[in-house]
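Here the structure is laid out as C-alpha cells; the discussion comes afterwards.
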Amino acid sequence: MPTETCILTTKDLTILEVMRERCLGRDDPLAPILKRKIESALVVFRDDVRVNVATLSSRVAFRVDGREPDTRILSHDRMNGSAGLFLPITTPRGLALLGLAEGEDFFLTDHEGREERVVLEKVHYQPEAARREREALSSSSAPAQRKPSLKLVRGALYNEPRLVPAGSDDFDDPGPSAA
0 MPTETCILTT
10 KDLTILEVMR
20 ERCLGRDDPL
30 APILKRKIES
40 ALVVFRDDVR
50 VNVATLSSRV
60 AFRVDGREPD
70 TRILSHDRMN
80 GSAGLFLPIT
90 TPRGLALLGL
100 AEGEDFFLTD
110 HEGREERVVL
120 EKVHYQPEAA
130 RREREALSSS
140 SAPAQRKPSL
150 KLVRGALYNE
160 PRLVPAGSDD
170 FDDPGPSAA
C-alpha cells in the first residue's frame, strides 16, 4: 500500500482519538481506518490547514470506484437534516475522506475483502478557510469602520414657523385620540 498522509487539524485528531478509544474492538469496521488515519496524520493548527483539505464540516465532492460524484458535508455524527446532505465520519466513507487533499484517494476494504476506492474530487467549503476569510475581511475593513461624515443641509423652509390649524373654538389640543 502506498505511503499515506492524512492532514488533520488538532480538533479532528482529538475526535479520531476519542473514536478509537470507544471502538468495540477488532471487529469494529472503523478500527483499522482510525488506526491508519491517526498513524499517518500530519497534524496542523486550524489556521494552517490548506483550503483543499477535507476537515470536519467541510462540503466535499467525491467519487467511489469511479462512479458519479457525490457531494456531502462531513459531519461528526448522524445529523438531523435533509437526507443525503451529511456524511458522518462514523461511516467508513466519511472517515476515509477526512484529512484527504483534493485528488487524493483512500482504499477501503469491507469485511468480505472487497476493496473500494474513495477519491476526494473537490472541497467546496471548508470552515477553517471561511473563518480565515471572514477575519481577513474584518481586519482589512477595520479602518472603514469610522462613521461617515455627512453634512446636513436643511431646506429653506426649516426656520419658518410651523402653522398649526386651530379648531373652530380656538382649542388646539387634539386629545388622547391623536396619541
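Each step along the sequence shown adds one to the number in numbering that gives the first Met the number 0, with nothing skipped, and position 69 is 68. By construction, the Cβ of each residue, glycine as well, lies at the ideal position given by its N, Cα and C atoms.
- Counting along the chain, the unbroken beta strand (DSSP E) around V63 starts and ends at 58-63.
- The C-alpha of L99 lies about 15 Å from the C-alpha of T90.
- Following the DSSP letters along the chain, one finds D11 inside the alpha helix (DSSP H) bounded by residues 9-20.
- Of the other Cβ atoms in all chains shown, 16 or more fall within 10 Å of the Cβ of A128; this residue is therefore buried.
- Under the DSSP assignment, I72 falls in the beta strand (DSSP E) whose first and last residues are 69-74.
- Here V52 has I6, A100 as same chain residues with Cβ atoms under 6 Å from its own Cβ, once five neighbours each way along the sequence are excluded.
- Taking a C-beta distance under 8 Å as the contact criterion, L73 and V59 qualify as a contact pair.
- Between the stretch 18-27 and the stretch 61-72 there are fewer than three C-beta pairs closer than 8 Å, too few to call the two in contact.
- Per the coordinates, the alpha-carbon of L107 lies some 43 Å from the alpha-carbon of S138.
- Per DSSP, the unbroken alpha helix (DSSP H) holding R92 starts and ends at 91-96.
- With respect to the 8 Å criterion, V50 and V118 are not classified as neighbours on the basis of their beta carbons.
- The shortest C-alpha to C-alpha distance from G112 to any of L136, P28, G24 is the one to P28.
- Between L97 and L55 a beta carbon distance of about 7 Å is seen, short of the 8 Å cut, so the two are scored as contacting.
- Across the structure, L94 and A135 are spaced so that their CA atoms are roughly 31 Å apart.
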